[in-house]
Amino acid sequence: MSADYLVIVESPAKAKTIEKYLGKKYKVKASMGHVRDLPKSQIGVDVDNDFQPKYITIRGKGPVIKDLKTAAKKAKKVYLAADPDREGEAIAWHLANSLDLDASSDCRVVFNEITKDAIKESFKKPRSINMDLVNAQQARRILDRLVGYKISPILWKKVKKGLSAGRVQSVAVKLIIDRENEINRFVPEEYWKITGTFALNGETFQAQFYERNGKKIQLKSETDVKEIFQQLKGDVFTVENVVKKERKRQPSPPFITSSLQQEAARKLNFRARKTMMIAQQLYEGIDLGKEGTIGLITYMRTDSVRVSDVAKREATEYIEQEFGKQFVSDRERKAKKGDNVQDAHEAIRPTSVFRTPNSVKQYLSRDQFRLYKLIWERFVASQMAPAIMDTMTVDLENNSIIFRANGSKIKFSGFMKLYVEGSDDVDEKDNGFLPDLKQSDEVKQLEMKPTQHFTQPPPRYTEARLVKTLEELGIGRPSTYAPTLDTIQRRGYVTLDQKRFVPTELGRIVIELISEFFPEIIDVEFTAKMETDLDQIEEGKENWIKILDNFYSGFKKNLEKAEIEMEKVEIEDEYAGEDCEKCGHPMVIKMGRFGKFMACSNFPECRNTKPIVKEIGVTCPKCQKGEVVERKSKNKRLFYGCNRYPECDFVSWDKPVSRSCPKCGEMLVEKKLKKGVQIQCSQCDYKEKL
Numbered sequence: 001m002s003a004d005y006l007v008i009v010e011s012p013a014k015a016k017t018i019e020k021y022l023g024k025k026y027k028v029k030a031s032m033g034h035v036r037d038l039p040k041s042q043i044g045v046d047v048d049n050d051f052q053p054k055y056i057t058i059r060g061k062g063p064v065i066k067d068l069k070t071a072a073k074k075a076k077k078v079y080l081a082a083d084p085d086r087e088g089e090a091i092a093w094h095l096a097n098s099l100d101l102d103a104s105s106d107c108r109v110v111f112n113e114i115t116k117d118a119i120k121e122s123f124k125k126p127r128s129i130n131m132d133l134v135n136a137q138q139a140r141r142i143l144d145r146l147v148g149y150k151i152s153p154i155l156w157k158k159v160k161k162g163l164s165a166g167r168v169q170s171v172a173v174k175l176i177i178d179r180e181n182e183i184n185r186f187v188p189e190e191y192w193k194i195t196g197t198f199a200l201n202g203e204t205f206q207a208q209f210y211e212r213n214g215k216k217i218q219l220k221s222e223t224d225v226k227e228i229f230q231q232l233k234g235d236v237f238t239v240e241n242v243v244k245k246e247r248k249r250q251p252s253p254p255f256i257t258s259s260l261q262q263e264a265a266r267k268l269n270f271r272a273r274k275t276m277m278i279a280q281q282l283y284e285g286i287d288l289g290k291e292g293t294i295g296l297i298t299y300m301r302t303d304s305v306r307v308s309d310v311a312k313r314e315a316t317e318y319i320e321q322e323f324g325k326q327f328v329s330d331r332e333r334k335a336k337k338g339d340n341v342q343d344a345h346e347a348i349r350p351t352s353v354f355r356t357p358n359s360v361k362q363y364l365s366r367d368q369f370r371l372y373k374l375i376w377e378r379f380v381a382s383q384m385a386p387a388i389m390d391t392m393t394v395d396l397e398n399n400s401i402i403f404r405a406n407g408s409k410i411k412f413s414g415f416m417k418l419y420v421e422g423s424d425d426v427d428e429k430d431n432g433f434l435p436d437l438k439q440s441d442e443v444k445q446l447e448m449k450p451t452q453h454f455t456q457p458p459p460r461y462t463e464a465r466l467v468k469t470l471e472e473l474g475i476g477r478p479s480t481y482a483p484t485l486d487t488i489q490r491r492g493y494v495t496l497d498q499k500r501f502v503p504t505e506l507g508r509i510v511i512e513l514i515s516e517f518f519p520e521i522i523d524v525e526f527t528a529k530m531e532t533d534l535d536q537i538e539e540g541k542e543n544w545i546k547i548l549d550n551f552y553s554g555f556k557k558n559l560e561k562a563e564i565e566m567e568k569v570e571i572e573d574e575y576a577g578e579d580c581e582k583c584g585h586p587m588v589i590k591m592g593r594f595g596k597f598m599a600c601s602n603f604p605e606c607r608n609t610k611p612i613v614k615e616i617g618v619t620c621p622k623c624q625k626g627e628v629v630e631r632k633s634k635n636k637r638l639f640y641g642c643n644r645y646p647e648c649d650f651v652s653w654d655k656p657v658s659r660s661c662p663k664c665g666e667m668l669v670e671k672k673l674k675k676g677v678q679i680q681c682s683q684c685d686y687k688e689k690l
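What the sequence shown shows, in full-length UniProt numbering, is residues 1 to 690, in sequence order.
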């Protein structure tokens with residue numbers, strides 16, 4: 001018996017979860033993402049005819065569409081239930097066109113979470129496809145296609161094949177280059193600190209030099225420090241001023257896409273792409289045994305911190321039960337809506353706070369559990385009472401020299417009992433709580449320690465910092481950050497060094513050329529305004545063809561100029577320091593899809609290539625002939641193997657050590673632990689202290 005209704009979603013996992021909730025009358029099938037797109041072999045946009053796109057069926061999607069058409073003909077009604085954003089709306093529109101459905105009929109259903117109540121409620125209120133959302137997505141796709149397919153061929157001709165240019169990726173690379181230039185220009189400045197250790201009634205505390213003769217001064221040299229020491233008289237300081245305050249610390253709002261990526265990088269060491277992949281799994285549904293398959297979090301592509309009243313009430317109930325009434329927030333937090341916030345749906349939160357991380361841990365992989373725990377704790381904490389801190393600031397005086405001590409302690413933990421947001425910055429900590437000091441008290445100086453410091457350059461961008469900066473500048477949207485960071489690395493424009501972005505010579509050349517001939521592409525304000533224009537299209541306030549026309553009129557002139565005036569750039573190969581074993585010519589370092597490799601400089605006559613390997617100074621423990629070298633798996637995970645492979649198949653995930661186990665004579669390895677590196681035997685229980 002065929003089903004009465006057909007529901008089409010993007011993924012099989014989502015289809016499986018939803019079908020369980022809808023019952024026997026509904027058949028849920030997956031389109032496996034987009035079914036139509038612009039062709040890869042050509043630009044696919046008629047710039048002379050109102051930028052009309054030429055959509056084609058994506059290669060390999062023919063059988064999918066055929067299957068969906070067959071199912072659609074048998075069904076009384078077809079519902080399109082792609083994700084609740086621009087991309088999802090466009091997928092629904094393309095499906096409607098491919099299946100000959102009426103886009104103006106009530107065929108579209110949207111939901112922010114994949115739970116039984118949310119799904120059933122959404123099917124009570126189907127709507128037509130929102131063409132404003134579709135046009136906003138079309139405009140972005142066409143805009144990116146114009147930039148990519150018009151600039152890239154010029155870069156291929158003038159620099160090298162395989163290069164690409166994109167709106168968001170070019171701005172991201174420019175930010176990384178600007179930061180590197182800032183670091184290179186930075187001149188360190190010397191400064192000094194004086195830390196005093198003091199005692200009152202047996203209790204010790206520390207204070208920093210703060211003021212001299214009523215003026216705050218910077219200690220720029222050792223001479224300045226000596227002058228302070230010369231002015232001090234004896235080892236007794238008088239408490240000149242005591243300020244006690246009570247300070248409230250408010251919890252962070254629940255996650256949006258960018259803040260989730262940042263916090264997962266800080267606390268879980270996840271790359272942005274990994275965070276979004278795991279979040280997608282949690283959203284689409286996890287099999288919870290007897291409870292069945294359930295979506296654990298709400299939709300993970302959002303820039304709004306809004307939370308539904310139902311979720312707030314549930315969180316309040318949980319907090320009161322688990323922590324007590326005093327931990328429940330006593331005020332209504334109104335979500336602040338920024339200028340570039342679409343506010344299409346809620347913040348990222350658990351679909352039920354009563355589904356605690358520990359209660360579902362057995363059904364989740366390690367990474368799924370860690371990310372779910374992070375999302376769950378952040379949301380629950382956001383609905384908790386603020387923490388209350390008792391703070392104390394004390395000024396100590398000796399012959400017009402002032403030392404200042406700051407102390408604080410938690411009076412009421414509030415949300416901090418559950419969760420505290422991470423930070424990219426290292427803050428100077430205070431001294432904990434100070435003794436009960438009062439004005440005119442005398443304290444004894446036990447030690448006075450001067451330390452020399454130098455100002456530091458701004459840090460290179462980590463993935464978290466770059467996402468935060470792009471978001472603050474209004475560049476891109478939640479769904480664009482992870483693929484953008486992935487693209488700029490695959491193209492060889494930047495590399496990661498100790499998890500921080502460093503621009504390559506190729507990246508600098510490409511951005512320099514784009515800056516000269518297409519300045520608007522890497523202009524932050526222009527790119528941010530384009531995002532605002534896309535939002536205006538989504539809200540029905542702007543015409544998408546007009547927006548594209550305004551952009552293309554100036555862009556076309558720049559293209560014509562670049563074709564004529566851009567000079568060819570020769571990128572010299574970097575020599576690898578060894579000769580080709582096949583023809584004797586020098587080997588050079590090349591950049592490929594998976595990073596750097598060695599190739600013969602006599603190409604194309606000689607096509608010899610080999611990976612770049614790093615020896616670790618250890619003889620292969622298996623064959624005793626080769627050297628152990630660092631290698632990378634297909635998933636870019638570091639491992640160690642013999643350089644005589646395939647003659648010798650020795651491999652190890654742990655780094656071998658150049659000595660044998662004193663207990664059994666087998667190989668010793670370095671085992672990475674949270675607190676450092678442990679040297680231990682690969683076979684027996686021998687371990688050395690950290």
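Using N, Cα and C, we set each Cβ at its ideal position, and we do this for glycine too.
Exercise. Are the beta-carbon atoms of A92 and G285 separated by less than 8 Å?
Worked result: Start at 1 with the first residue of the sequence shown, and residue 92 comes out as number 92. Start at 1 with the first residue of the sequence shown, and residue 285 comes out as number 285. Taking the C-beta atoms as reference points, G285 is found no nearer than 8 Å to A92.
Problem set entry | Contact set for V426: own chain, Cβ-Cβ below 6 Å, skip 5 residues either direction | For the purposes of this step, residue 426 is taken as residue 426 along the sequence shown, with counting starting at 1. Per-residue confidence for V426 stands at a pLDDT of 49, beneath the threshold of 50, marking its modelled position as unreliable; the derived number appears in the next sentence. Excluding five sequence positions before and after V426, none of the CB atoms of its chain fall closer than 6 Å to its own CB.
Problem set entry | P188, buried or exposed, once every other Cβ within 10 Å from all chains shown has been counted against 16 | Indexing the sequence shown from 1 puts residue 188 at position 188. Within a 10 Å sphere around the beta-carbon of P188 sit fewer than 16 other beta-carbons, which makes this residue exposed.
Exercise. What residue range is occupied by the uninterrupted beta strand (DSSP E) comprising I228?
Worked result: To locate residue 228, count along the sequence shown from 1; it is residue 228. Where I228 is concerned, there is no enclosing beta strand (DSSP E), although the alpha helix (DSSP H) it sits in stretches over 222-231.
Problem set entry | Contact set for L163: own chain, Cβ-Cβ below 7 Å, skip 5 residues either direction | Counted from its first residue, the sequence shown places residue 163 at position 163. The beta carbon of L163 is closer than 7 Å to those of S152, L155, W156, R491, V510 in its chain, skipping five residues each way along the sequence.
Exercise. Excluding sequence positions up to five away, which residues of its chain have a Cβ less than 6 Å from the Cβ of S400?
Worked result: By 1-based counting over the sequence shown, the position of residue 400 is 400. Excluding the 5 residues flanking it on each side, S400 has same chain C-beta neighbours closer than 6 Å at N213, in chain order.
Exercise. Considering only C-alpha positions, which residue in the set F123, D685, M530 is nearest to I475?
Worked result: Working through the sequence shown from its first residue, we reach residue 475 at position 475. Of the listed residues, the one whose Cα sits closest to I475 is M530.
Problem set entry | Best match in N608, P656, P604 for proximity to V629 [C-alpha to C-alpha] | On the sequence shown, residue 629 is found 629 positions in, with the first residue counted as 1. The option with the nearest alpha carbon to V629 is P656.
For this session: Apply the 10 Å Cβ neighbour rule to T17 and answer buried if 16 or more other Cβ atoms are within range, or exposed otherwise.
Result: Translated into positions along the sequence shown, residue 17 becomes position 17. Around the Cβ of T17, a 10 Å sphere holds 16 or more other Cβ atoms; the residue is buried.
Exercise. Just the Cα atoms here: how many angstroms apart are K336 and F209?
Worked result: Against the sequence shown, residue 336 aligns to sequence position 336. Against the sequence shown, residue 209 aligns to sequence position 209. Note that K336 scores a pLDDT of 47, beneath 50, so its modelled location is shaky; the value from the coordinates is reported in the next line. It is roughly 40 Å from the alpha-carbon of K336 to the alpha-carbon of F209.
Problem set entry | Element boundaries [alpha helix (DSSP H), containing M277] | Within the sequence shown, residue 277 is the residue found at index 277, counting from 1. Its alpha helix (DSSP H) spans residues 272-284.
For this session: Put S258 into one of helix, strand or coil per three-state DSSP.
Result: By 1-based counting over the sequence shown, the position of residue 258 is 258. Helix at S258.
For this session: Taking all protein chains shown into account, decide if S221 is buried (16 or more other Cβ within 10 angstroms of its Cβ) or exposed.
Result: Residue mapping note: residue 221 aligns to position 221 of the sequence shown, counting from 1. Per the 10 Å Cβ criterion, exposed.
For this session: With DSSP as the reference, label T504 as helix, strand or coil.
Result: As a working mapping, residue 504 is identified with position 504 in the sequence shown. The answer is coil: DSSP assigns T504 none of H, G, I, E or B.
Exercise. Which partner residues of F403 appear in the DSSP bridge assignment?
Worked result: Here the question's residue 403 lines up with position 403 in the sequence shown. Beta-bridge annotation (DSSP): F403 is paired with F209, L396.
For this session: Would you list the residues sitting across from C681 in a DSSP beta bridge?
Result: Within the sequence shown, residue 681 is the residue found at index 681, counting from 1. L668, per the DSSP bridge assignment.
Problem set entry | Under the three-state DSSP convention, the category W192 falls into | If you number the sequence shown from 1, residue 192 lands on position 192. Strand, per DSSP.
For this session: Let me know the secondary structure DSSP gives F327 once reduced to three states.
Result: The residue labelled residue 327 in the question sits at position 327 within the sequence shown. Per DSSP, reduced to three states, the secondary structure at F327 is helical.
Exercise. Around the C-beta of N135, are 16 or more other C-beta atoms found within 10 angstroms, so that it is buried, or is it exposed?
Worked result: As a working note, residue 135 is residue 135 in the sequence shown. Taking all protein chains in view, the Cβ of N135 is crowded by 16 or more other Cβ atoms within 10 Å, so the residue is classified as buried.
Exercise. Looking only at its own chain, which residues have a Cβ that is under 6 Å from the Cβ of D37, when we skip the five neighbours before and after it?
Worked result: For the purposes of this step, residue 37 is taken as residue 37 along the sequence shown, with counting starting at 1. Result list for D37: I58, in chain order.
Exercise. Going by DSSP, which residues form a beta bridge with L496?
Worked result: Here residue 496 is taken as the residue at index 496 of the sequence shown, counted from 1. Answer is F501.
Exercise. In chain order, what residues of the same chain have a beta carbon less than 7 Å from the beta carbon of A576, not counting five sequence neighbours either side?
Worked result: Position 576 of the sequence shown holds residue 576. Within the same chain, M587, V588, I589, M598 come within 7 Å of A576 by CB-CB distance, once the 5 residues on both sides are set aside.
Exercise. Just checking, does the region 166-179 make contact with the region 121-132 on the three C-beta pairs under 8 Å criterion?
Worked result: Taking a contact to require three or more Cβ pairs closer than 8 Å, the region 166-179 and the region 121-132 do not qualify as touching.
For this session: Can you tell me which of E314, M416, G23 puts its alpha carbon nearest to the alpha carbon of R249?
Result: As a working note, residue 249 is residue 249 in the sequence shown. For R249, the nearest C-alpha among the options comes from M416.
For this session: Rounded to whole angstroms, what's the CA-CA distance from T619 to K625? Just pull it up for me.
Result: What you label residue 619 is simply residue 619 of the sequence shown in a count that begins at 1. What you label residue 625 is simply residue 625 of the sequence shown in a count that begins at 1. If you take the alpha carbons of T619 and K625, they lie about 7 Å apart.
For this session: Would you tell me roughly how many angstroms separate the C-alpha atoms of L80 and A15, rounded to the nearest one?
Result: Taking the first residue of the sequence shown as position 1, residue 80 is located at position 80. Taking the first residue of the sequence shown as position 1, residue 15 is located at position 15. C-alpha separation (whole angstroms): 12 Å.
Exercise. Just how far apart, CA to CA, sit K663 and K672?
Worked result: Here the question's residue 663 lines up with position 663 in the sequence shown. Here the question's residue 672 lines up with position 672 in the sequence shown. Here the alpha carbon of K663 sits roughly 21 Å from the alpha carbon of K672.
For this session: Quick one: residues in its chain with C-beta nearer than 6 Å to the C-beta of residue 756, no 5 flanking neighbours on either side, listed in chain order?
Result: Any question about residue 756 goes unanswered here, given that the chain covers just 1 to 690.
Problem set entry | Between the CA atoms of G295 and N340 - distance to the nearest angstrom | Within the sequence shown, the letter at position 340 stands for residue 340. Within the sequence shown, the letter at position 295 stands for residue 295. Its pLDDT being 45, under 50, N340 is placed unreliably in this model, and the coordinates cannot settle the point.
Exercise. For C681, is the classification buried or exposed, using 16 other Cβ atoms within 10 angstroms of its Cβ as the cut-off for buried?
Worked result: Looking up residue 681 in the sequence shown gives position 681. Buried, because 16 or more other Cβ atoms sit within 10 Å of the Cβ of C681.
Problem set entry | CB of P435 within 8 Å of CB of F111, strictly | Start at 1 with the first residue of the sequence shown, and residue 435 comes out as number 435. Start at 1 with the first residue of the sequence shown, and residue 111 comes out as number 111. No, these two residues do not count as a Cβ contact at 8 Å.
Exercise. Is there contact here, the region 266-280 with the region 403-420, by at least three beta-carbon pairs under 8 Å?
Worked result: No: the two stretches stay apart, fewer than three of their Cβ pairs being nearer than 8 Å.
For this session: Please name the residue or residues paired with C600 in a DSSP beta bridge.
Result: Counting from one through the sequence shown, the residue named residue 600 turns up at place 600. Per the DSSP secondary-structure output, C600 pairs in a beta bridge with M587.
Exercise. Shortest alpha-carbon distance to L95 belongs to which of D117, T115, E113, I129?
Worked result: Against the sequence shown, residue 95 aligns to sequence position 95. Nearest neighbour of L95 by Cα position, chosen from D117, T115, E113, I129, turns out to be I129.
Exercise. For K54, which residues of its own chain have a beta-carbon under 6 Å away from its beta-carbon, when the five flanking residues on both sides are left out?
Worked result: In the sequence shown, residue 54 corresponds to position 54, counting from 1. Spatial neighbours of K54 in its own chain (CB-CB distance under 6 Å, excluding positions within 5 residues in sequence) are listed in chain order as G44.
For this session: Look up V305 in the DSSP assignment and give the residues it is bridged to.
Result: On the sequence shown, residue 305 is found 305 positions in, with the first residue counted as 1. DSSP output for V305 lists no bridge partner at all.
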